[in-house]
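Numbering of the sequence shown is given in this note's numbering, commencing with residue 7 and proceeding in unit increments.
Where is the CB? At the ideal position from N, CA and C, for every residue including glycine.
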Amino acid sequence: GADGITAHLREDRRHISDDDMERLAHQIDLPLNFEMAATDEMLEIALRHKPHAACIVPEKREERTTEGGLDAAGGFDSLKPFVDALGEAGIRVSLFIEADVKQLDAAKALGAPVVELHTGAYCDATPHDREAQLARVIEAAAHADAIGLECHAGHGLTFDTVGPIAAIPTIVELNIGHFLIGEAIFGGLESAIKRMRALMDQARAQATGERSA
Numbered sequence: 007g008a009d010g011i012t013a014h015l016r017e018d019r020r021h022i023s024d025d026d027m028e029r030l031a032h033q034i035d036l037p038l039n040f041e042m043a044a045t046d047e048m049l050e051i052a053l054r055h056k057p058h059a060a061c062i063v064p065e066k067r068e069e070r071t072t073e074g075g076l077d078a079a080g081g082f083d084s085l086k087p088f089v090d091a092l093g094e095a096g097i098r099v100s101l102f103i104e105a106d107v108k109q110l111d112a113a114k115a116l117g118a119p120v121v122e123l124h125t126g127a128y129c130d131a132t133p134h135d136r137e138a139q140l141a142r143v144i145e146a147a148a149h150a151d152a153i154g155l156e157c158h159a160g161h162g163l164t165f166d167t168v169g170p171i172a173a174i175p176t177i178v179e180l181n182i183g184h185f186l187i188g189e190a191i192f193g194g195l196e197s198a199i200k201r202m203r204a205l206m207d208q209a210r211a212q213a214t215g216e217r218s219a
């Protein structure tokens, strides 16, 4: 039931290997979203395999997975050559950023057609703070739409947290991986994906109905 596959080839190869990337790029029919750091090595790999999309993410060697958004504003000059090279190769470029207007404006100025909003703060928030974090994501998604950016979201989403994010009308794609693989251990991958997709579709349909009422 998935619409695509996201694969993060880290510089330290902690998640997947080069061989995994080779097979994903050439042996699957679904669109491939290649998560990559802004390095010459990863750019060369992206240009060689030509995935449907490439999402530039920050990387720190001490982290187990990407724990924050890219600083598109502060790293504008260093990111620009990568955004341009990927775009010129026909690869759809996205930037993984925080739900922040300054970062969205920087992404637009960089020429990236897509942004992925980091939902980690929302997912990690206490019940008391979650509404405020959700409001940040809603505001950011609306701003992205207003300035002509396609808006995606992801990081840390679970069965319990996906609904309010899926209900945001200006978010058109969710990237969910780690949680689904964890759930697959207990009930299988197909079951986990179908349940997640049903929750997403239900939240979107309910939100659409409320807006049209």
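Exclusion of the five residues before and after T12 leaves N39, E41, N181 and G183 as the residues of its chain whose Cβ lies within less than 7 Å of its Cβ. Taking a cut-off of 8 Å on C-beta distances, the segment 123-139 does not touch the segment 86-98, as fewer than three cross pairs fall below it.
Taken in chain order, the complete alpha helix (DSSP H) segments of 4 residues or longer contained in the segment 55-112 are 82-94. Distance from L116 to A78 at the Cβ level is roughly 6 Å; contact confirmed, criterion being Cβ atoms closer than 8 Å. Contact annotation, I62 with A91: C-beta distance approximately 11 Å; criterion of less than 8 Å not satisfied. Per DSSP, reduced to three states, the secondary structure at F165 is coil, with no helix or strand assignment. DSSP, reduced to helix, strand and coil, places A13 within a strand of the structure shown. Beta-bridge pairing by DSSP links G160 to H124 and N181. The secondary-structure analysis by DSSP pairs E50 with nothing; it has no beta-bridge partner. Spatial neighbours of L101 in its own chain (CB-CB distance under 6 Å, excluding positions within 5 residues in sequence) are listed in chain order as I62, L76, A78, A113, A118 and V121. Membership of L30 in the alpha helix (DSSP H) is indicated by the continuous run D24 to Q33.
Note on geometry: alpha-carbon atoms of K200 and R217 lie some 26 Å from one another.
For L140, the enclosing alpha helix (DSSP H) starts and ends at P133 to A152. Taking C-beta atoms as the reference points, I171 and L140 count as a pair closer than 9 Å. For L30 and Q208, the gap between their C-alpha atoms comes out near 30 Å.
Less than 9 Å divides the Cβ of E189 from the Cβ of F165.
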